Amino acid sequence: MSDLFSSFSIAASGMEAQARRLRHVSENISNADTPGYRRKTVDFRAEIDRASGTTQVSVGPVQLDPRALPRIYDPGHALADETGFYDGSTVDLMIEIADAREASRSYDANLRVFDQTRQMAQGLLDLLRR
Amino acid sequence: MFDIPEVMRMAQGMARHAAARQVVIAENIAQSDIPGYRARDLPEFGKVHAQARPMSATRPGHLGAGAQHQTLSAVIDRTAPARAPNGNTVSLEREMVRTAQNRQSHDMALAVYSSARGILRTALGR
């Protein structure tokens, strides 16, 4: 039974990590047109839970995209300098959408494991009722 | 009559194996996006059970007499089909197949256990 409980927490850690990733993706998408915005990413790490000896997922610190900001030519823009350019954001919508798809697919897989583990634990408890 | 507890013990071992395997599958799926992670798996219950036949212990003090609950360790799955560009070998589809198999064997273990218990109850006349 304790094995099944640690499956719950592993699947939950996976869902939490993917949800964090999805959160940063949505921040990136909503700031796609913010001048000077750098794309935020997080990386995942394997973390050993000492209590149960299982490997869970944890999310590392937020990292900002180190690439140079693109220069956009728009002399009428409020932030444009004397040459008519301003700094855009490093967000590429195509990449963000692909990242969001991947995150939601992984989230679903973790959720499926969670549900299946729940059903297995339920089967075990049903033995006691009979 | 005395065979039934052995059957129940085997069913118990099978359910325990399924629970341990569920942990390994959950770990694989949770880490499916970590670069360099290699998918792992447990050996099948049939093999484990064949190896875990305890040595005949005629006294409780003998070595191996309590070796029923050996812990299983997961091994790296060398049959993983392809490696992602980031070095990860987890395939979500394969893990889905494994969870389905695992669910089946857990259900089977519980069914065997509960039917053995039913027989035992009938034998006791209750």
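Sequences listed follow chains V and B, in order.
Under my numbering, think of the first position of the first sequence as 1389, with each following residue one higher.
Under my numbering, think of the first position of the second sequence as 11, with each following residue one higher.
All C-beta atoms in this analysis are idealised placements derived from N, C-alpha and C, irrespective of residue type, glycine included.
Since this is a predicted model, take the numbers as computed values, not measurements.
Assigned with DSSP and collapsed to three states, V/E1435 falls in strand.
A direct Cα-to-Cα measurement between B/V122 and B/L130 gives close to 12 Å. Using beta-carbon distances, V/Q1510 does not count as an interface residue toward chain B, since no partner is under 7 Å.
V/R1409 sits in a helix when the DSSP states are folded into three classes. The beta carbon of B/R48 lies closer than 7 Å to those of I86, T99 in the same chain, with the five residues before and after it left out.
One Cα belongs to V/P1449, the other to V/R1427, and the distance between them is close to 14 Å.
No Cβ of chain V is located within less than 7 Å of the beta carbon of B/I129. Interface flag for V/S1401 against chain B is set, since a Cβ pair is found closer than 7 Å. Listed in chain order, the beta strand (DSSP E) runs fully inside the stretch 1468-1492 of chain V are 1473-1475, counting runs of at least 3 residues. For V/L1452, the three-state secondary structure derived from DSSP is strand. The C-beta of V/V1413 comes no closer than 7 Å to any C-beta of chain B. Beyond the five residues adjoining it in sequence on each side, V/L1467 comes within less than 6 Å, by CB distance, of P1423, Y1474 in the same chain, given in chain order. V/L1392 reaches chain B at A29, Q32, counting residues in chain order whose Cβ is nearer than 7 Å. Ranked by how close their Cα comes to the Cα of B/R50, the residues B/D43, B/A90, B/V58 have B/A90 in first place. Taking C-beta separations shorter than 8 Å and ignoring five residues to either side along the sequence, the partners of V/V1413 in its chain run E1484, D1487, A1488, A1491, following chain order. Taking C-alpha positions only, V/A1399 is separated from V/Q1507 by approximately 14 Å.
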